[in-house]
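Inspection log for the structure reproduced underneath, given as structure tokens.
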Amino acid sequence: MAIVHYGPGSDAIGGRPTLLSPFRRVDWTLLALTLGLIGVGLVSIYGATAPRRELLGLEPTYWVERQVISVSVGLVGMLVVMAIDYRSLRRLVPLVFVGSLVLLAGLFVAGTDINGARAWFEAGGFQLQPSEFAKVALILTLAAYAAGERGEPLPYHRFVKSLLLAGLPLVLIIGQPDFGTASAMVASVMGLLLVARAKLLHIVLISALAVASAVAVVTTDTLASYQQDRLTYFLDQEETKANADLIRQVKFSKQAITLGRVTGSGFGEGVLTNRGDVPEQRTDFIFSAIAEQFGLVGASAVLGLFLLLVLRVLRIAQLAEDPMGALIAGGAVALVSWHVFQNVAMNMGIMPVTGIPLPMVSYGGSSTIAFLLLLGLVQSVHMRRVA
Amino acid sequence: MRAETSAWRLSVLGLVVVVLFGALFTRLWFLQVAADPTLEQRLAEVKTRRVILPATRGRILDRDGRILADNRPSINVSVDREVYRRSADRAALFERLSPLVGATVEELEERWNDVNIDPLLPVPVAEGVDEPTAIWLKERAEDYPGVEVEEGFQRRYPYAPIGSHVVGYLGKLDGNEFRELRVKGYRLSDSVGKAGIERSFEEDLRGKPGWVEYEIDATGRPLRLVAQQDPVPGNDVMLTIDLRLQQYAEQILQVGLERRRLVRPCVKENRFDEECTVPKNAFRAPAGTSVVQDPQTGEILAMASNPPFDNRWFTAPLPTKLFDAVFKARDPKDKEAIRNKYPALLNYAIQGTYQIGSTMKLFTSMAALKYLPSGSPGKVPGTPGFSAEDTYLDVGRWLLPGCAPDEPGGCTRRNAGGTVYGERNLEEAMIVSVDTFFYELASRMYDETVKGTQPQQTVLAEFGMANRPLGIDLPFEQEGLIPTAAIKRSLADKGAIPKSQGRDFFRGDAVNLAIGQGLVGVTPLQLVSGYSTFANGGTLYRPLIARAVLAPGLPKKGSGVLDLSGAAAKVVREYKPEVKGAVEIPASMREPLMAGLQGALFDRVEGGFQGTALGAWESYPYRDLFPVAGKTGTAQTKFVALTAEQLANKEKEPDFSEYDRSLFAAFGGQSLDKPEFTVVTVMEEAGFGGQAAAPVTKCIFEKLAVESFKKDKPAMLGGLADVSPTAGELDRSTLQAAILPRLSDDTGCLDYRDITGSRD
Chain A
30 MAIVHYGPGS
40 DAIGGRPTLL
50 SPFRRVDWTL
60 LALTLGLIGV
70 GLVSIYGATA
80 PRRELLGLEP
90 TYWVERQVIS
100 VSVGLVGMLV
110 VMAIDYRSLR
120 RLVPLVFVGS
130 LVLLAGLFVA
140 GTDINGARAW
150 FEAGGFQLQP
160 SEFAKVALIL
170 TLAAYAAGER
180 GEPLPYHRFV
190 KSLLLAGLPL
200 VLIIGQPDFG
210 TASAMVASVM
220 GLLLVARAKL
230 LHIVLISALA
240 VASAVAVVTT
250 DTLASYQQDR
260 LTYFLDQEET
270 KANADLIRQV
280 KFSKQAITLG
290 RVTGSGFGEG
300 VLTNRGDVPE
310 QRTDFIFSAI
320 AEQFGLVGAS
330 AVLGLFLLLV
340 LRVLRIAQLA
350 EDPMGALIAG
360 GAVALVSWHV
370 FQNVAMNMGI
380 MPVTGIPLPM
390 VSYGGSSTIA
400 FLLLLGLVQS
410 VHMRRVA
Chain B
1136 MRAETSAWRL
1146 SVLGLVVVVL
1156 FGALFTRLWF
1166 LQVAADPTLE
1176 QRLAEVKTRR
1186 VILPATRGRI
1196 LDRDGRILAD
1206 NRPSINVSVD
1216 REVYRRSADR
1226 AALFERLSPL
1236 VGATVEELEE
1246 RWNDVNIDPL
1256 LPVPVAEGVD
1266 EPTAIWLKER
1276 AEDYPGVEVE
1286 EGFQRRYPYA
1296 PIGSHVVGYL
1306 GKLDGNEFRE
1316 LRVKGYRLSD
1326 SVGKAGIERS
1336 FEEDLRGKPG
1346 WVEYEIDATG
1356 RPLRLVAQQD
1366 PVPGNDVMLT
1376 IDLRLQQYAE
1386 QILQVGLERR
1396 RLVRPCVKEN
1406 RFDEECTVPK
1416 NAFRAPAGTS
1426 VVQDPQTGEI
1436 LAMASNPPFD
1446 NRWFTAPLPT
1456 KLFDAVFKAR
1466 DPKDKEAIRN
1476 KYPALLNYAI
1486 QGTYQIGSTM
1496 KLFTSMAALK
1506 YLPSGSPGKV
1516 PGTPGFSAED
1526 TYLDVGRWLL
1536 PGCAPDEPGG
1546 CTRRNAGGTV
1556 YGERNLEEAM
1566 IVSVDTFFYE
1576 LASRMYDETV
1586 KGTQPQQTVL
1596 AEFGMANRPL
1606 GIDLPFEQEG
1616 LIPTAAIKRS
1626 LADKGAIPKS
1636 QGRDFFRGDA
1646 VNLAIGQGLV
1656 GVTPLQLVSG
1666 YSTFANGGTL
1676 YRPLIARAVL
1686 APGLPKKGSG
1696 VLDLSGAAAK
1706 VVREYKPEVK
1716 GAVEIPASMR
1726 EPLMAGLQGA
1736 LFDRVEGGFQ
1746 GTALGAWESY
1756 PYRDLFPVAG
1766 KTGTAQTKFV
1776 ALTAEQLANK
1786 EKEPDFSEYD
1796 RSLFAAFGGQ
1806 SLDKPEFTVV
1816 TVMEEAGFGG
1826 QAAAPVTKCI
1836 FEKLAVESFK
1846 KDKPAMLGGL
1856 ADVSPTAGEL
1866 DRSTLQAAIL
1876 PRLSDDTGCL
1886 DYRDITGSRD
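Protein chains in written order, with the numbering used here: chain A, 30 to 416; chain B, 1136 to 1895.
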């Protein structure tokens, strides 16, 4: 076993463990990377929106201010989660899981359509996207369910039951329909089951099945045409009336990235960004704004931060005290990696456009808060590895 | 087994992660370092957008400066089709827009689906949006993508529906118009005059649009003004129409038609009979027209056409239902719609061509007097001539000499009602309208003039009735159809008449033409010009509808009226009386005909026969102060020449009407030596000329007389406010309720203010 033992109760010498005592073993590197990415996000949102809003005579910091609120809520949530022993969450798992399902199902009753997906609750100027939280809830649920007592390989029947559990929120999300989030969910489940030592063959088969069904859905007209556009434009790149907006979006995104060259055009000086050429730039296409303003250097640095963060979480998975902790961290690795890959790749025109954000950097409350909660869980795993 | 440990699994996961990130780094490097070295240069070009500033369209005025067409600044909201092509998005947008623009979601959706709106342009969903709403929408442009708020002008017709047929209306360019007009700077979204003055004076009214050039951002929002060219407003057009008279003529025509719809054809001519009041088989009286012209100048003072329409219908896109009602009626392929033979948008004064019945007899007489006297140019030497004193013994029937079986019409012709009039001269024949008298004249002209002289056709042409339009400045003026051998041949070639009839201009054609029946078509405008030419002593004027084109900027005087005191300085173009031809009418011809035309209205002849219009005109109070002369016409609509459109659609038979068409043509004024007004009234399927068109015309003359008397005594001047914009509309049931109790009073003239009691 690779779990390193520092010796029992090394922080508890001379006294009983207190609520705050685990905080001495916070993974400061991970925390620094988290805060760093949040900083990158705020700077990027400002750079992508403020110069243009100023030009239009609008309040320049509007979006940044809103994101600061989300970040604050998320950080508080992260601290709260860190303070809780993830193992004690086992009892809460059914509640969390069912809660997430209820929210997802509620969308079909009271949800709001945005960009063709019924993925949001809307009230009083605030929006909530339950699927972002459902991803975290699913990781926690499967980690609790699939973790063996002593880290033995996941038996076949538990593997199948895990898949069935994952299928519940997945069906609801596909029903919205939101294929981006669904793909991220599949990726995180596969990552988690990989770490849970399910049979490699099963994972490969299931992944292949997911890809195959995605292809089948695209080619058999079961999708609304605009969704099909999103997926197919990118295969043939031929502009039609229907997919013109998408082609344009990706074209401008790629142009913005190219314009950044090596050193970037400078903070707040993005030409295409300030013209507002790239739709959804503060959310799904934030990476194009970063790459235009800060160039290869800046964009690589951001990708580097993500890579370090993911590897750091991977290390926490290795160090985890128990299988549940390892599975939480493993799921987090897969989820964050997939989000970053899918998002940045679509910014650069090598993956279809699906509306999934760049974790903690893209504007958007639900996503930011959900990822901070997930990293709080990961921190909790790290903090309690010897408690 | 080592491969089964968690650590190994985590390494696999790590490897996948590193590979994914590696792919991202590689792609990033290619995009930022290796790709497209000229991109910066290409993007450095500044985007600009030119926004067209619409010119204020010129106003249309009546002869006293009343503003018949005006503009009001208008804020319009339109929605981009691309952005909202999904119905869910659209429903959500309309839900939000509905309370703002004051239209229901259904109305907005109807606009969206309206096939008459150009599919390539943003859909106009609301016109005349108020200022606060416009600001509200503009400030929230980010929340309303694809919703455009534009400032423009909306056409306004303050006195509508009065004069709608003359004033016309605007509409969006159709494809053909756009191809034709784009060289003049029209855009597909522009409006253009579609009918009436709006169409014929488009060039003057339109002005010259200006533009502003902005530097814009990628979403098209202006950043900086680059250059600007102000629009040049269009010129005003002043019409010859007197709106008070126009309103009166329209109303009296409507009342006249309505009155006929309450009675059925009666045997007794010229007298009202109680038994006639039977709703069953009542006259249909579906359409009509009244035209008032100044015979001394050719100016048209009023031009009423019925059924009426309202040009305000066209200031916003027509609701589909109304559009179908207005336009589908003209679709010859649609069997259901063709039933409406009388579409409201037609101006029957210039677009209807009619057999004019006995109103033709004036011109038949002129032809006989000019071409039959011995020694005159076209006459066969050695034959007896014709003068006004010559008499003809009517025995109630007239036999067509040398009658051949394939000639049109029967060989034996009778007077209307089979009446036997006895021996009559020209004056008497005009008064009681003796058909056989004119058959005889036409037959003699056919025999006694050199073949090819065509006296009837020549005289008709001199009086303005020919196979060409008169050239009034209104669109779609129809030409007449005056039969000649050549015309008949070409009609036969087209299949409009049988081949056997197309061989020549037969005697039968000549006698039919003599009483305005058979193969003949004359527009009411041609008929009024013909009577004007006789009235003014022989000058054929081009009918004028416009007096002048004025530079913009005349100030208003009171509401709805311009101050014309500075008009002289603003004249861009003036329309002076324009002589198109002259006819010599010596006193020897004028006097007996004038006596006949006056007698038709006011006299009886020996034997107890009364003038054909006496029943209607007996009560005319100004016989001496404001004398009038005229002629009735009753056209049996047995044959109607097919129009080119009907020919194109291969219709075998025109749709015959069951009842006679009623006509009346008259002129008068303070003196018959120099009459000031010519009036022609035509009423479809309304019965005898003396019973339908004559009373309507009489009412118009009463009004003209009263107005003329007022002008002589300035203290009595009516004042400009006496055209009431709201008096233009009364529903039919109100009209009928007002007419019914006065039905036996054939002579009363009801205008709408009599009915609504609003006369002051």
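We treat Cβ as the ideally placed atom computed from N, Cα and C, and that holds for glycine.
Practice task
Consider the Cβ of Thr287 of chain A: report whether some Cβ of chain B lies at a distance smaller than 7 Å.
Solution key: For Thr287 of chain A, the answer is yes, since a Cβ of chain B falls inside 7 Å of its Cβ.
Practice task
Indicate whether at least one CB of chain A lies closer than 7 Å to the CB of Gln1167 of chain B.
Solution key: Chain A contact via Cβ: present.
Problem - Given Ala1551 of chain B as reference, the closest of B:Thr1424, B:Gly1768, B:Ala1872 and B:Leu1878 once Cα atoms are compared - result: The shortest Cα separation from Ala1551 of chain B among B:Thr1424, B:Gly1768, B:Ala1872 and B:Leu1878 belongs to B:Gly1768.
Problem - Alpha-carbon spacing of Phe137 of chain A relative to Ile143 of chain A, whole angstroms - result: For Phe137 of chain A and Ile143 of chain A, the gap between their C-alpha atoms comes out near 13 Å.
Handout entry: Span separating the alpha-carbon of Ser1233 of chain B from that of Val1212 of chain B
Key = Approximately 12 Å, taken between the alpha carbons.
Problem - Distance, Arg1290 of chain B Cα to Gly1853 of chain B Cα - result: Because Gly1853 of chain B sits at a pLDDT of 37, beneath the cut-off of 50, its placement in the model cannot be relied upon, and the point is left open.
Handout entry: Min CB distance Pro354 of chain A to chain B below 7 Å
Key = For clarity, residue 354 of chain A is Gly in the given sequence; the question names Pro instead. Not one chain B Cβ lies under 7 Å of Gly354 of chain A.
Practice task
Taking Ser1141 of chain B as the reference, give the member of A:Arg147, A:Ile202, A:Asp207 and A:Ala225 with the closest Cα.
Solution key: The candidate whose alpha carbon is nearest that of Ser1141 of chain B is A:Ala225.
Exercise for the section: Look up Glu1709 of chain B in the DSSP assignment and say whether it is helix, strand or coil. Expected result: Strand, per DSSP.
Problem - Ala1330 of chain B versus B:Leu1392, B:Val1214 and B:Glu1612, residue with shortest Cα-Cα distance - result: It is B:Glu1612 whose Cα lies nearest to the Cα of Ala1330 of chain B.
Exercise for the section: To the nearest angstrom, report how far apart Arg1394 of chain B and Tyr1383 of chain B are at their CA atoms. Expected result: Rounded to the nearest angstrom, the two C-alpha atoms are 16 Å apart.
Problem - Contact set for Gly36 of chain A: own chain, Cβ-Cβ below 7 Å, skip 5 residues either direction - result: In this predicted model, Gly36 of chain A has a pLDDT of only 43, less than 50, meaning its place in the structure is not dependable enough to derive any value.
Handout entry: Proximity test, Glu94 of chain A beta-carbon vs the ligand NAP heavy atom, cut-off 6 Å
Key = The ligand NAP is not part of this structure, which contains no ligands at all.
Exercise for the section: Taking Arg95 of chain A as the query, report the chain B residues whose CB atoms sit under 7 Å from its CB, ordered along the chain. Expected result: Those do not exist, as Arg95 of chain A stays about 14 Å from chain B at its closest Cβ, beyond 7 Å.
Handout entry: Beta-carbon proximity list for Leu301 of chain A, same chain, < 7 Å, skipping 5 on both sides
Key = The residues are Phe281, Gln284, Ala285, Leu288, Val307 and Glu321.
Practice task
State yes or no: is the beta carbon of Pro282 of chain A nearer than 7 Å to at least one beta carbon in chain B?
Solution key: Checking the displayed sequence, the identity of residue 282 of chain A turns out to be Ser instead of Pro. Chain B contact via Cβ: absent.
Exercise for the section: For the stretch 333-350 of chain A, enumerate the residues whose C-beta is nearer than 8 Å to any C-beta of chain B, in chain order. Expected result: Answer in chain order: Phe335, Leu336, Val339, Leu340, Leu343, Ala346 and Gln347.
Practice task
Give every residue of the same chain whose Cβ lies closer than 6 Å to the Cβ of Lys1634 of chain B, excluding the five residues on either side of it in the sequence, and list them in chain order.
Solution key: Within the same chain, Cβ atoms closer than 6 Å to the Cβ of Lys1634 of chain B are found at Ala1627, the five residues on either side in sequence being excluded.
Problem - With 16 other Cβ atoms within 10 Å as the buried cut-off, status of Arg1379 of chain B - result: By the neighbour-count rule (16 or more Cβ atoms within 10 Å), Arg1379 of chain B is buried.
Exercise for the section: Would you tell me roughly how many angstroms separate the C-alpha atoms of Ser212 of chain A and Pro1280 of chain B, rounded to the nearest one? Expected result: Taking the straight line from one Cα to the other gives about 30 Å.
Handout entry: Length of the line joining the Cα atoms of His411 of chain A and Ile345 of chain A
Key = One C-alpha to the other measures close to 6 Å.
Exercise for the section: Jot down the residue ranges of each uninterrupted beta strand (DSSP E) in the stretch 1273-1320 of chain B, minimum 3 residues, whole runs only, in chain order. Expected result: Taking 3 residues as the shortest admissible run, the stretch 1273-1320 of chain B contains the following complete beta strand (DSSP E) segments, listed from N- to C-terminal end: 1282-1291 and 1304-1307.
Problem - Contacts around Ser1440 of chain B, its chain only, beta-carbon distance under 6 Å, and the 5 residues preceding and following it disregarded - result: Within the same chain, Cβ atoms closer than 6 Å to the Cβ of Ser1440 of chain B are found at His1300, Thr1424, Asn1482, Tyr1483 and Ala1484, the five residues on either side in sequence being excluded.
Practice task
With 8 Å as the limit, tell me which residues of the stretch 1148-1172 of chain B have their beta carbon closer than that to any beta carbon of chain A; keep them in chain order.
Solution key: For the stretch 1148-1172 of chain B, which is checked against every Cβ of chain A, the residues closer than 8 Å are Leu1148, Gly1149, Val1151, Val1152, Val1153, Leu1155, Phe1156, Ala1158, Leu1159, Phe1160, Arg1162, Leu1163, Trp1164, Leu1166, Gln1167, Val1168, Ala1170 and Asp1171.
Practice task
Return the first residue and the last residue of the beta strand (DSSP E) that Ile1210 of chain B is part of.
Solution key: Counting along the chain, the beta strand (DSSP E) containing Ile1210 of chain B begins and ends at Ile1202 to Val1214.
Handout entry: Segment contact, 8 Å Cβ cut-off, at least three pairs: the stretch 388-403 of chain A with the stretch 154-162 of chain A
Key = Taking one beta carbon from each stretch, the stretch 388-403 of chain A and the stretch 154-162 of chain A have 3 or more pairs nearer than 8 Å; the two touch.
Exercise for the section: Measure the alpha-carbon distance for Arg1579 of chain B versus Tyr1477 of chain B and round it to whole angstroms. Expected result: Rounded to the nearest angstrom, the gap between the Cα atoms of Arg1579 of chain B and Tyr1477 of chain B is 39 Å.
Exercise for the section: Would you tell me roughly how many angstroms separate the C-alpha atoms of Ala1827 of chain B and Leu1870 of chain B, rounded to the nearest one? Expected result: Roughly 17 Å between the two C-alpha positions.
Exercise for the section: Could you name the residues of chain A that Ala1223 of chain B contacts, counting a contact when the two beta carbons are closer than 9 Å? Expected result: What Ala1223 of chain B touches in chain A: Asp142 and Gly145.
Exercise for the section: Taking only runs that begin and end inside the stretch 1641-1720 of chain B, name each unbroken beta strand (DSSP E) of 3 or more residues, in chain order. Expected result: Within the stretch 1641-1720 of chain B, the complete beta strand (DSSP E) runs of at least 3 residues fall at 1674-1676, 1681-1685, 1706-1709 and 1714-1717.
Practice task
Tell me whether the beta-carbon of Val1361 of chain B lies closer than 7 Å to the beta-carbon of Thr1239 of chain B.
Solution key: Going by C-beta atoms, Val1361 of chain B is not nearer than 7 Å to Thr1239 of chain B.
Problem - Cβ neighbours of Val1153 of chain B in the same chain (closer than 7 Å, five flanking residues each side left out) - result: Excluding residues within five positions, none has a Cβ falling inside 7 Å.
Handout entry: Residue-level contact to chain B via CB, Ser428 of chain A, 7 Å cutoff
Key = Beyond the ends of chain A as shown, which are 30 and 416, falls residue 428 of chain A; an answer cannot be given.
Exercise for the section: Check the DSSP bridge columns for Trp149 of chain A and list the partner residues they point to. Expected result: Answer is A:Thr141.
Exercise for the section: Pair every Cβ in the stretch 370-377 of chain A with every Cβ in the stretch 71-90 of chain A, then say whether three or more of these pairs are closer than 8 Å. Expected result: With a cut-off of 8 Å, the stretch 71-90 of chain A and the stretch 370-377 of chain A do not count as touching, because too few Cβ pairs lie within range.
Problem - Given 8 Å, three or more beta-carbon pairs between the stretch 350-360 of chain A and the stretch 224-240 of chain A - result: Short answer: they touch.
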